[in-house]
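Remarks on the structure that follows.
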Amino acid sequence: MIGWIRRNAGKKSNSEADGFGRKPTIAEPLSGMDEAAASMGDRIEDAAAKKNAAGLSDPVIELSHVDYTYQAGSPFAAAALHDVNIRIRKGTLVGIAGGTGSGKSTLLQLLNGLLLPTGGTVEVLDRTLLPNRQKPKLNALRRRIGLSFQFPEQHLFEDTVEKDLMFGPMNFGSSRKEAQSKAVEALKSMGLDEALLKRHPLTLSGGQMRKVAIASVLAAGPEIVMLDEPTATLDSAARRELIALLARLCREEGRTILMVTHRIEELMEVADEWIVMHEGSVVFQGDADELADRSEELDHWGIAVPEQLRCWAEWTARLPQLAALPLPRTAEDMARRIEEAVRGFAECESTNMASEEGAKHESIQALGGPADSSADALPGHGKEASICVTS
Ligand SMILES: Nc1ncnc2c1ncn2[C@@H]1O[C@H](COP(=O)(O)OP(=O)(O)OP(=O)(O)O)[C@@H](O)[C@H]1O
């Protein structure tokens, strides 16, 4: 069984800050590690204060009671989303997870107006999208919200990579020269060689095609970048590069990033927030620590429990002082914290032993025993001072 203990000393949960009605996390006072946890909490609060000052806490996406039904009103109607309520702040990196058919792609398409809600309200940047209205003109909105589709071929329809990359910028008003330079910049940001510019997109490998598709979205410079399973066909190095790029766009340029993924571990380190979809509903919105607290439900939601969460849960069960710390975002971070905790535990044990020895020594003297009596000589001694830890 995977059991999680509340962490987040000194940290306000997103839910509390957002007024989403979820209960705040309360830290239990624990060992000396509390200090580390509290200072981590302070840093998070400092970061939150800086974001507030930069206007980054404003919601840029807000969905209220949103429903979406494909082919609504026809005999083929298929309900895909029910009563979805979401609020996403500017400059956050949001992971969207959920099982097959849970509504993730439908959600992204509602956010850039490709689909209009059949119920409720979708507010994105300065636009409000309502049901039963004629499709509004959304060109201006689409310039500000880029969507990289689940299948890269859906982006690539020109006969050269360069034309595909220039399409967005030119469509949104860039000159040919500007569009060319944006195309090169976007291609390079995805770690691709300029030599690909003259290639036909359909001659690229699956991974290259995926990167070009993402580059075509980035070339238009959107404020909100949405990616539907962008890492699906990438190798592990390319996956890491892409995640690092997204984190940079978010942290350094203040862009809002939404990424659908089936591998939640790949975003654990960088995601500010998680949304979990299940059977067309949002069943969770919160940060990684809050998601970890619900890890027993991941399987039911069709999401594989990341090895990292499984491992950390086992260790917090063995060393409860670890539970005072925020969830480690990387395997290295986890290994370091476990090592520190084990070392701290061993030091604490040897200090206890030393004072136990001293006390025994004093009581032997008090009973009239020899001044140099060793505690080892006493019967019953032999307490183990170390712990054996195995993973
Ligand atoms: N064009 C369509 N017409 C009818 N039903 C659709 C259409 N597209 C999606 N659906 C249905 O809507 C529901 C949500 O689909 P969606 O593609 O949003 O899920 P998803 O979470 O992105 O799935 P996956 O992870 O498999 O890509 C599913 O039941 C799906 O069958």
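Counting from 918, one number per residue, gives the positions in the sequence shown under the working numbering.
Heads up, the beta-carbon is just placed ideally off N, CA and C, and yes, glycines get one too.
Exposed unless 16 or more other CB atoms sit within 10 angstroms - verdict on residue i
{"i": "Pro1237", "result": "exposed"}
{"i": "Asp1110", "result": "exposed"}
{"i": "Glu1183", "result": "buried"}
{"i": "Phe1201", "result": "buried"}
{"i": "Leu1119", "result": "exposed"}
{"i": "Lys1007", "result": "buried"}
{"i": "Cys1265", "result": "exposed"}
{"i": "Thr1023", "result": "buried"}
{"i": "Arg1165", "result": "exposed"}
{"i": "Arg1253", "result": "exposed"}
{"i": "Phe1068", "result": "exposed"}
{"i": "Ala1084", "result": "For the record, residue 1084 in the displayed sequence is Phe; it is not Ala. Buried, by the Cβ-count rule."}
{"i": "Asn1029", "result": "buried"}
{"i": "Asp1216", "result": "exposed"}
{"i": "Ala1154", "result": "exposed"}
{"i": "Asp975", "result": "exposed"}
{"i": "Gly1018", "result": "exposed"}
{"i": "Ala994", "result": "exposed"}
{"i": "Pro992", "result": "exposed"}
{"i": "Ser1091", "result": "buried"}
{"i": "Pro1053", "result": "exposed"}
{"i": "Glu1256", "result": "exposed"}
{"i": "Ser1212", "result": "buried"}
{"i": "Ala1103", "result": "buried"}
{"i": "Lys1094", "result": "exposed"}
{"i": "Ala1096", "result": "buried"}
{"i": "Gly1197", "result": "buried"}
{"i": "Ala1112", "result": "exposed"}
{"i": "Gly1015", "result": "buried"}
{"i": "Glu1079", "result": "buried"}
{"i": "Ala1240", "result": "buried"}
{"i": "Leu1121", "result": "buried"}
Supposed close pair residue i, residue j - CB separation, criterion 8 Å
{"i": "Ala1225", "j": "Ala1248", "result": "Correcting the residue identity first, residue 1225 is Gln in this sequence and not Ala. Yes, Gln1225 and Ala1248 are in contact; Cβ-Cβ is about 6 Å, under 8 Å."}
{"i": "Leu1042", "j": "Leu1033", "result": "Not confirmed; about 16 Å, so no contact."}
{"i": "Thr1077", "j": "Leu1114", "result": "7 Å"}
{"i": "Ile1003", "j": "Leu1175", "result": "About 10 Å; that fails the 8 Å criterion."}
{"i": "Leu1073", "j": "Met1126", "result": "7 Å"}
{"i": "Thr1173", "j": "Val977", "result": "5 Å"}
{"i": "Met1194", "j": "Ile1062", "result": "Between Ile1062 and Met1194 the Cβ distance is about 19 Å, and since that is not below 8 Å, they are no contact."}
{"i": "Glu1146", "j": "Val1177", "result": "5 Å"}
{"i": "Leu1151", "j": "Gly1124", "result": "5 Å"}
{"i": "Val1134", "j": "Ser1065", "result": "5 Å"}
{"i": "Ala1136", "j": "Lys1099", "result": "5 Å"}
{"i": "Leu1244", "j": "Leu1010", "result": "Their Cβ separation, rounded to whole angstroms, is 16 Å, which puts Leu1244 and Leu1010 out of contact at 8 Å."}
{"i": "Trp1191", "j": "Gly1203", "result": "6 Å"}
{"i": "Leu1082", "j": "Ala1132", "result": "6 Å"}
{"i": "Arg1116", "j": "Phe1089", "result": "Actually they are not in contact, since the Cβ atoms of Arg1116 and Phe1089 sit about 24 Å apart, beyond 8 Å."}
{"i": "Gly1020", "j": "Leu980", "result": "With 8 Å as the limit, Gly1020 and Leu980 do not qualify as a contact, their Cβ atoms being about 12 Å apart."}
{"i": "Met1185", "j": "Pro1223", "result": "7 Å"}
Cβ-heavy atom distance, residue i to ligand 1, below 6 Å
{"i": "Ser1198", "result": "no"}
{"i": "Tyr888", "result": "This structure cannot settle anything about residue 888, because the visible part of the chain is limited to 918 through 1308."}
{"i": "Ala1221", "result": "no"}
{"i": "Ser991", "result": "no"}
{"i": "Thr1178", "result": "no"}
{"i": "Lys1021", "result": "yes"}
{"i": "Thr1009", "result": "no"}
{"i": "Thr1017", "result": "yes"}
{"i": "Ala997", "result": "yes"}
Bridge-paired residues (DSSP) for residue i
{"i": "Ile1003", "result": "Leu980"}
{"i": "Leu1010", "result": "Ile1174"}
{"i": "Phe1201", "result": "Val1193"}
{"i": "Thr1247", "result": "Paired residues: none, contrary to the question."}
{"i": "Gly1015", "result": "Met1194"}
{"i": "Ala996", "result": "Thr986"}
CB contact check: residue i to chain C, cutoff 7 Å
{"i": "Ala1154", "result": "Absent from the structure: chain C. Only one protein chain is present."}
Practice problem: Please list the segments of the beta strand (DSSP E) lying wholly inside the segment 1022 to 1090, counting only runs of 3 or more residues, in order along the chain. | Solution: The segment 1022 to 1090 contains these whole beta strand (DSSP E) runs: 1036 to 1041, 1044 to 1046, 1062 to 1065.
Quiz item: Considering only residues of the segment 1118 to 1181, which uninterrupted alpha helix (DSSP H) runs meet the minimum length of 4 residues and lie entirely inside it, listed in chain order?
Solution: At a cut-off of 4 residues, the continuous stretches assigned as alpha helix (DSSP H) that sit fully inside the segment 1118 to 1181 are 1123 to 1135, 1153 to 1170.
Practice problem: For the segment 1197 to 1242, list the beta strand (DSSP E) runs that are entirely contained and at least 3 residues long, ordered along the chain. | Solution: Runs of the beta strand (DSSP E) inside the segment 1197 to 1242: 1198 to 1203.
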